[in-house]
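Participant: Mind having a look at this structure? Questions to follow.
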Amino acid sequence: MAQFAMSRAFRLSRQSMTFSQTRSFASKPVIPTFTPTASDELNQALEHWRQDLFIPFGLPKRQRTSMFKEKHARRLEDEPITVKISETEEYTLRPLSPSSLPKSKEAVNVFRLMEAANDYKNLVPFMTGLWSSQMAISPARWQYLIRKTGNAGKLSLILDCARRENQTGLSLENNYHTQRLFFEFHCMAHKAGFKGDQVQKALKMAKGAVDIMDSYAPSPATNPKYQPYVIATLLELSAARALEEAGGKDQNNEVLNYARKLIASWPLGEFKPIPKNQFDVELVNQQLMGSIAACKGLQLSLSIHGLAVDKALHAAVTARLSEVKKAITAQLKAIPEESASKVASIEFAQAVLQK
């Protein structure tokens with residue numbers, strides 16, 4: 006009888022105590038770490054995502070499941086389990102509910118908070134954290150991010166994301182992503198008057214993007230590197246560089262080769278105006294982006310030495326330039342007046358028509 010009483014007392018005393026267990030294991034996904042910034046709001050947002058999503062989803066399935074199972078909640082509160090997630094960091098498992106997790110749409114708030122150069126050091130780690138947590142970013146948010154990094158002079162980070170497609174989810178096989186990226190290369194050069202270091206940087210990144218696409222299937226139907234907007238951007242940037250650095254001399258025939266490729270790829274382009282009754286801001290923007298690059302590329306190529314020697318190519322470039330100018334004029338006319346302010350590429354279209 007005494008033995009039974011002692012056993013029961015031991016069980017009761019154990020229930021009244023809080024035990025802490027420490028376990029160590031290797032986590033398969035890489036849990037991102039972030040660089041501290043001057044923005045307390047950004048630091049707090051990054052830490053929130055890391056603590057409430059990235060670390061839980063970086064844990065082995067058994068530990069992660071125990072955090073989301075309601076039946077384990079009391080046990081985790083009474084007997085906390087601490088796990089080692091790196092050589093220098095531990096994490097205590099705690100009850101979580103799916104409704105408490107950060108939402109995909111909230112990710113854009115983190116993007117908006119990135120302003121200083123140091124802030125952007127956290128971009129690629131943040132995107133890897135999202136992808137490893139099975140949180141996909143919509144094409145529209147990728148568009149926003151590409152545009153924002155372009156304005157901040159950080160497009161190289163987008164290329165880093167594309168090189169790590171299996172870690173970030175960004176694929177340049179997606180025309181929606183790639184066209185926006187190549188238009189940002191155009192914008193870099195446009196803002197610099199198609200002169201100086203910005204042209205060289207834009208050309209280097211555009212070639213880097215094509216290198217990534219070289220790993221995709223060599224099909225014009227699925228690989229954007231064969232699209233006119235990609236080739237036209239390479240044409241305009243290489244021609245601008247040749248005009249400034251080599252006095253218009255086409256070293257290694259790079260410009261003429263791009264001009265020939267653009268003419269050959271022309272049937273793949275979408276230059277016919279979208280009817281007003283089918284107006285869509287994003288579709289119109291995409292169409293204008295391709296037309297603008299083609300127009301500027303053809304314009305600049307006409308000033309390159311050697312083009313006039315190839316009479317057939319010169320005639321084709323001249324004809325296509327006239328064609329694309331008419332197409333841009335028609336595309337602009339098809340935009341409803343009340344919607345013109347929403348089409349961001351209008352100013353760039355107007356600029357190429359003035360040349």
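Sequential numbering of the sequence shown, starting at 6, is according to this note's numbering. For glycine and all other residues, C-beta sits at the position ideal for the given N, C-alpha and C.
#1: Around the C-beta of residue 29, are 16 or more other C-beta atoms found within 10 angstroms, so that it is buried, or is it exposed?
#2: Can you give the beta carbon distance from residue 284 to residue 344, rounded, assuming they're within the 8 Å contact cut?
#3: Mapping the DSSP letters down to three states, classify residue 314 as helix, strand or coil.
#4: Are the Cβ atoms of residue 186 and residue 151 separated by less than 7 Å?
#5: What are the boundary residues of the beta strand (DSSP E) that includes residue 96?
#6: Would you tell me roughly how many angstroms separate the C-alpha atoms of residue 359 and residue 199, rounded to the nearest one?
#7: Closer than 6 Å by C-beta to residue 58: which residues in its own chain qualify, once you throw out the five before and the five after it? Chain order, please.
#8: Rounded to whole angstroms, what's the CA-CA distance from residue 292 to residue 126? Just pull it up for me.
#9: Using a 10 Å radius around the Cβ and a threshold of 16 neighbouring Cβ atoms, would you call residue 355 buried or exposed?
#10: Which two residues bound the contiguous alpha helix (DSSP H) that contains residue 113?
#11: Are residue 206 and residue 218 touching if we call contact CB-CB under 7 Å?
#12: Between the stretch 313-325 and the stretch 247-258, do three or more beta carbon pairs fall short of 8 Å?
#13: Taking the alpha carbon of residue 268 as the point to measure from, which residue in 243, 252, 323 and 220 has its own alpha carbon closest?
#14: Hey, out of 274, 99 and 75, whose CA is closest to residue 86's CA?
#15: Classify residue 349 as helix, strand or coil using the three-state DSSP reduction.
#16: How is the alpha helix (DSSP H) around residue 40 delimited, first residue to last?
#17: Tell me the rounded alpha-carbon separation between residue 153 and residue 288.
#18: Does the Cβ-Cβ distance between residue 164 and residue 189 come in under 7 Å?
#19: With DSSP as the reference, label residue 197 as helix, strand or coil.
#20: Between residue 357 and residue 334, what straight-line distance do the alpha-carbon atoms span, to the nearest angstrom?
#21: Tell me whether the beta-carbon of residue 48 lies closer than 7 Å to the beta-carbon of residue 42.
#22: So the candidates are 132, 91 and 241; which of them puts its Cα closest to the Cα of residue 307?
#23: If you measure between the beta carbons of residue 204 and residue 194, is that distance less than 7 Å?
#24: Return the residue from the list 299, 341 and 250 that minimises the CA-CA distance to residue 327.
#25: With residue 155 as the anchor, note down where its alpha helix (DSSP H) starts and where it stops.
#26: Can you tell me the Cβ-Cβ gap for residue 113 and residue 149, rounded? I've got them flagged as a contact below 8 Å.
#27: Within a Cβ cutoff of 6 Å, which residues of the same chain sit near residue 123, ignoring the five residues on either side of it in sequence?
#28: Hey, could you find the ends of the alpha helix (DSSP H) residue 238 is sitting in?
#29: Is the beta carbon of residue 174 sitting closer than 7 Å to the one on residue 141?
#30: Do you know how far the Cα of residue 184 is from the Cα of residue 351?
#31: Could you check whether the Cβ of residue 55 sits closer than 6 Å to any heavy atom belonging to the ligand SAH?
Facilitator: So, from the data block:
#1: Confidence in residue 29 is poor, its pLDDT being 45 and thus under 50, which makes the residue's placement unreliable; the coordinate value appears in the next sentence. Exposed is the call here.
#2: 6 Å
#3: coil
#4: yes
#5: 95-97
#6: 15 Å
#7: 106, 107 and 138
#8: 32 Å
#9: exposed
#10: 112-118
#11: no
#12: no
#13: 323
#14: 99
#15: coil
#16: Careful: residue 40 lies outside any alpha helix (DSSP H) and carries neither H nor E.
#17: 19 Å
#18: no
#19: coil
#20: 11 Å
#21: yes
#22: 241
#23: yes
#24: 299
#25: 144-156
#26: 7 Å
#27: 42
#28: 233-250
#29: yes
#30: 16 Å
#31: With respect to the ligand SAH, the structure offers nothing, as it holds no ligand at all.
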